[in-house]
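Remarks on the structure that follows.
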Amino acid sequence: MTVDRLVAALGTLRHTAPPALDDELFTGWLTAPSRLGEVFVAFTSNGVQFVRSTASLDGDPAAFAQAYRMRFARPLRAADRAPAGLLPVLGGRPGAPPALDLRGLSEFERDVLAATRTIPVGETRPYGWVAREGGSPRAVRAVASVLARNPVPLLVPCHRVVRADGGVGRYLFGTERKEALLRGEHANLDDVEALARRGLHYLGAGATGVVCFPTCHRARRIAPADRTGFATVVAATAAGYRPCPDCRPGVVA
DNA sequence: CCCGTGACACTCC
DNA sequence: TGGAGTGCCACGG
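Using the numbering used here, read the first sequence as starting at 17 and increasing by one per residue.
And the structure:
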């Protein structure tokens, strides 16, 4: 018996089919345009569950369904309407983000994704930052493992998590895509790279005494003459700077 | 349960 | 300055 017939049969058990039944048995899917090109998106009534570029799956919906089923053990059914908020965020436009359905993930995974989701557009944070913000400061490698399997890229902006040494790091769809996404949202990667070549990874503003990650919106407003680069937050605090309350570059000891 | 595996990150020269 | 070595933690087989 096909799943479609099963649902139909279950529906006849009541005078009117319960509206939530489909939703409990199926996950909807559709394709949508995004900054990664066309993507497959799977979603339940709780929120978006899985996003993958069609290019990475040879544009084959069956491959998407299989990948989905491997992880979530549920069948997919074509949907005709996108969840609220999905399309603007996929396209890099402003707007309230869609709800996410992260059931089935471990607490650690959800913590990592939640911390990652707070990174503003055009800014980056190192893996160690996500580990700390997520509540597991030494789980740096584990953070990387979680992001490598991010079920909802773009919606959880894992492309904004970069290496502490100034490198952009790897990405689910390739390093080039990661860099292109960051440049597309005007992250100042060239500044980061120039500083890293000198062994510097933080910027202090003399006027305010605040030290930031170089991509922080505050760091980018520091007048060149007022900028001081630091290799570590410890070095910056030793020089009298305090960590930026917005980008939170390290423990406030 | 032990062991291998990583989108990482320090520490040394 | 950068490459190798070592430490790390969560997960899966």
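Idealized CB from N, CA, C, for every residue including glycine.
R165 counts as exposed, since fewer than 16 other beta carbons sit within 10 angstroms of its beta carbon. The beta carbons of V177 and V137 sit no closer together than 7 Å. Relative to the Cα of Y187, the nearest Cα in the group H202, V168, N204 belongs to V168.
Burial state of P49 is exposed, judged by a 10 Å Cβ sphere holding fewer than 16 other Cβ atoms.
In this chain, S50 is not harboured by any beta strand (DSSP E), its DSSP state being neither H nor E.
In its chain, beyond the 5 residues on either side, V146, E149, G150 have a beta carbon closer than 7 Å to the beta carbon of A131. Shown here, S161 sits in a helix according to DSSP, grouped into three states.
Collapsing the DSSP output to three states places L219 in a strand. R258 sits in a strand when the DSSP states are folded into three classes.
Approximately 4 Å separates the beta-carbon atoms of V162 and V128; this is inside 8 Å, confirming the contact.
Of L211, W45, P99, the smallest CA-CA separation from D76 is found for W45. If you draw a straight line from the Cα of L211 to the Cα of N62, it is about 43 Å long. Check the Cα spacing between F229 and each of G200, E195, D181, A71: the tightest is with D181. DSSP, reduced to helix, strand and coil, places V168 outside both helices and strands of the structure shown, so it counts as coil. Secondary structure of L205 (DSSP, three-state): helix.
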